[in-house]
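Numbering (our numbering), first residue to last: 265 to 333.
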């Protein structure tokens, strides 16, 4: 639950457009989450699992997060 709340706060930080050189810049986030030691104890595996979850989040919608499953 704490991790979901943190991911939601990160998403919210990207919701407002930014001004850059007199232009409006819209950003979006896609967050993949893997948890130690639930998903793995290997840092390489954790990064790979988070990466896979991020691509799943990207496929679903902008400004989303997914846990590795």
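Glycine included, C-beta positions come from ideal geometry on N, C-alpha and C.
- For residue 293, which residues from the same chain have a beta carbon less than 7 angstroms from its beta carbon, with the 5 sequence-adjacent residues on both sides left out? For the purposes of this step, residue 293 is identified with residue 29 of the chain shown, where counting begins at 1. These residues qualify, in order along the chain: 274, 275, 278, 327.
- Query: Using a Cβ-Cβ cut-off of 8 angstroms (strictly less than) and excluding sequence neighbours within five positions of residue 283, which residues of its own chain qualify?
  - Reply: In the chain shown, the residue the question calls residue 283 occupies position 19. Cβ neighbours of residue 283 beyond the five flanking positions: 289.
- residue 319 versus residue 280: straight-line alpha-carbon distance, rounded: Here residue 319 refers to the residue found at position 55 of the chain shown. Here residue 280 refers to the residue found at position 16 of the chain shown. If I take the Cα positions, the gap works out to 23 angstroms.
- Task: Determine, using beta carbons only, whether residue 317 and residue 297 come nearer to each other than 7 angstroms.
- Result: For the purposes of this step, residue 317 is taken as the residue at position 53 of the chain shown. For the purposes of this step, residue 297 is taken as the residue at position 33 of the chain shown. Going by C-beta atoms, residue 317 is nearer than 7 angstroms to residue 297.
- Query: By DSSP, does residue 297 sit in helix, in strand, or in coil?
  - Reply: Along the chain shown, one-based indexing puts residue 297 at 33. Strand.
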